[in-house]
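Here the structure comes first, spelled out in structure tokens, and everything after it is commentary.
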């Protein structure tokens with residue numbers, strides 16, 4: 044596994060503690076919560092430092108198909124190349 048892939052998995056895995064008040068840390072998340080049906084929303088069209096809003100997500104969902112309640116949603120921003128974090132509004 045490449046260092047870049049390991050770094051990406053680490054950030055995706057640590058997301059709960061960053062976005063959910065009193066969210067679980069990596070050591071408290073059940074690995075089974077990270078497996079299942081998933082979708083990847085391409086947000087590479089957004090300008091740098093743009094927020095991913097509910098409206099943006101709804102637009103992609105209308106175009107690409109419904110996101111089910113327990114789907115794992117990945118956001119492809121392209122900012123991994125520049126190291127820029129993209130805010131997701133509102134915070135969960």
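Numbering (my numbering), first residue to last: 44 to 135.
Ideal placement from N, C-alpha and C gives every residue a C-beta, glycine not left out.
What you are looking at is a predicted structure, and each value in this text was computed from that prediction instead of being measured.
Beta-carbon within less than 8 Å of residue i's beta-carbon, same chain only, minus the 5 sequence neighbours each way: which residues are those?
i	result
residue 108	82
residue 48	Note that residue 48 scores a pLDDT of 41, beneath 50, so its modelled location is shaky and nothing firm can be said.
If you count every other CB in all the chains shown that lies within 10 Å of the CB of residue i, and 16 or more means buried, which is it?
i	result
residue 80	exposed
residue 103	buried
residue 120	buried
residue 77	exposed
For the beta strand (DSSP E) holding residue i, just list the boundary residues, first then last.
i	result
residue 85	81 to 85
residue 69	Note, residue 69: premise wrong, no beta strand (DSSP E); not H, not E.
residue 75	Here residue 75 belongs to no beta strand (DSSP E), and DSSP marks it neither H nor E.
residue 117	115 to 119
Taking 8 Å as the threshold (beta carbon to beta carbon), is residue i in contact with chain B?
i	result
residue 99	No chain B appears in the structure shown, which is made up of a single protein chain.
Kindly indicate the opening and closing residues of the alpha helix (DSSP H) around residue i.
i	result
residue 97	97 to 107
Expressed to the nearest angstrom, what Euclidean distance is found between the alpha-carbon atoms of residue i and residue j?
i	j	result
residue 124	residue 112	30 Å
residue 99	residue 75	28 Å
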